[in-house]
Structures are given as C-alpha cells and as structure tokens.
Amino acid sequence: QLVKEASHSPEEIEQQLQDTKTSMQEANRALRETKALLMDVTTDVSRHEENAAFIQSKLAKQTDAKQQHSRQVFSKFPEAKQICEIIGQHRSEFRKPVLGPVANLVTPKPGTESQHAAFLEQHVPTHLWKGFVVETKEDQDLLYRLVREEREIPINIFVVDRVEENFPRPFSERRWKTLKDNFGLEGYLDQFFDAPPSVFQALRTQAKIHAVVVGGMKTQKAVDSDGLLDILPQRDEPVNGKKLQNIVLCSHSQNE
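For the record, in the sequence shown the residue sitting at position 140 is 140 according to the UniProt record's numbering, with numbers rising by one throughout.
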C-alpha cells in the first residue's frame, strides 16, 4: 500500500519557521513582562512590610512611652488611679466623656524639648495637674458623689461645657514677630503640647498657658543684659488707661 505524503513548499516551511520564531519572541517578551511585574509586586510587598514594621515599632514605642508616663503620673498622684478605676466602673452613667487626670493627657509635640515640659509642669498648679475634666454639671455632681462622698477620696473637677477656638495672646502678630527676631522668643507654652480639646480648654482657662511666653538662650541673655523684663510688659495699646500687662516668661540659659 502506497502512502501519499503531503509536501510543503520551501516558502511555506520558511513561513512556518518565521511564525514559530515570532510566537517564541512574543512568549519570551510576555515572560519578561510577567517577571518584571512580579518583581515590582515583590518590591511593593517588601516596601509595605517594611512600612508596616516601622509603624508597628513606632506605635509600640509610643505605647511604651504613654504607659511609662501613666505610671509616673499615678505614682505621683496615687488617688488618680483609684478615681480612674471608679470612672471605668460607672462609665455608662456619665452623659459625656470624663477625662483625667490632666497630667496624663498632655503630650509634647514632636521636637519639643525637655525644658518645655519642665516649664509646663512648673507652671500648672498641682490641683489642676491631678484634676479631672467633665463637660456637664450633672457629670460633675455624679463624679463628686462617687468619689468624694461615697469613697472619701479627694478630687478636683473642672467643668468645660464649651471649647473656645481663639484665645487672646499678649502681643499682636506684628509685635510678636519683632520680639522673636530680636530676643529669640520661641512661642507660647500651649503651642508645644497636645491634649484633648476640653483638657486644653481647662489648662488655658485655669493656668493661662496660652499667655506664657517661652524663650531660649538668646532670650535669657536678653533678660540678663538687655532689660527684656522691662520691655515685655509694655502693651501694644493701653487698655483702660493701663500701659503695662502681667507677663509670665519661661526661658533657659543653656541646652541640656
């Protein structure tokens, strides 16, 4: 039996070979693109993992710092820890959040130096530092009854029923710029810290931290040599005929 084999012309064989090469080139190109995409994805995953690890590490450090700060506060004001436990047990009975102690809720902003924290601690009176902040008279009465009347634990309660966004500064913006440029003033004490709005309100109302002027080495030199303490109390414009105002200045003579 004879088998008739199909024959292909040289042109057809050449075309088939070219088509095969083209297909292989396209397959190789697709493979390279897939590998490149996979490498990009791997790089992105690695970058995200590094970012996640960095954030977790940062959060862990912040948590450790907050826990250490809380331990220091409760060690200094042991009754505050008892009060926090009482608040936790009766939290559902309060109309609004109860915050405190104040010292536990104030945190320095990034870049704030240790001297600024020392200024704040020295300026804020102890009764406010270990106090608690409520938003309603009803919560004040409830907290006082639970803590002072039922358990005979001393407590300082501050009612903040509204938060004011603007507080009057001792100096106009123009004069403040001049004082900063000439005497190295760094800012007002409240600008170096963060706290819940109602806590900040209590600090500004009770301790006037928004009006405390903070300076550095240049400021201290001006105090010692240039009579800055005579310059600062001078008002931009007289108020009720008074040309002078009370100014609290905190400054340090060296970086420690």
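Note that the Cβ used here is the ideal one computed from N, Cα and C, for glycine as well.
- For Asp141, the enclosing alpha helix (DSSP H) stretches over residues 137–144.
- Your pair Leu128 and Val163 does not check out as a contact, with CB atoms roughly 17 Å apart and the cut at 8 Å.
- Here Gln201 is buried. Its C-beta has 16 or more other C-beta atoms within 10 Å.
- With respect to Val73, Asn104 sits close: the two C-beta atoms are nearer than 7 Å.
- In this structure Ala195 does not touch Leu189 by the C-beta definition: roughly 12 Å separates them, more than the 8 Å allowed.
- Secondary structure at Ile153: coil, using DSSP grouped into helix, strand and coil.
- In the assembly as shown, Ala211 is a buried residue. Its beta-carbon has 16 or more other beta-carbons within 10 Å.
- Taking a cut-off of 8 Å for Cβ pairs, the segment 172–190 and the segment 115–125 touch, as three or more such pairs fall below it.
- With respect to the 7 Å criterion, Ser251 and Thr219 are classified as neighbours on the basis of their beta carbons.
- A direct Cα-to-Cα measurement between Glu12 and Gln25 gives close to 20 Å.
- Between Gln140 and Ile153 the beta-carbon gap is near 15 Å, outside 8 Å, which marks them as no contact.
- With the rule of 3 Cβ pairs closer than 8 Å, the segment 83–91 does not count as touching the segment 33–46.
- Membership of Pro125 in any beta strand (DSSP E) is not indicated, and neither H nor E is assigned to it by DSSP.
- In this structure Glu135 is buried. Its beta-carbon is surrounded by 16 or more other beta-carbon atoms within 10 angstroms.
- Residues of the same chain with their beta carbon placed closer than 6 Å to that of Gln15 are lacking, with the five preceding and five following residues left out of the count.
- Under the three-state reduction of DSSP, Ser92 is assigned to helix.
- Just so you know, the alpha carbons of Val239 and Ile155 end up roughly 38 Å apart.
- Nearest to Gln82 by C-alpha distance, out of Lys35, Thr126, Glu150, Lys21, is Glu150.
- The shortest C-alpha to C-alpha distance from Gln206 to any of Ser23, Thr126, Lys177 is the one to Thr126.
- In this structure, the beta-carbon distance from Val98 to Ile87 falls below 7 Å.
- Listed as beta-bridge partners of Gln206 by DSSP are no residues whatsoever.
- Excluding the 5 residues flanking it on each side, Thr107 has same chain C-beta neighbours closer than 6 Å at Asp194, in chain order.
- Residue state for Arg169 is assigned as coil, using DSSP reduced to three classes.
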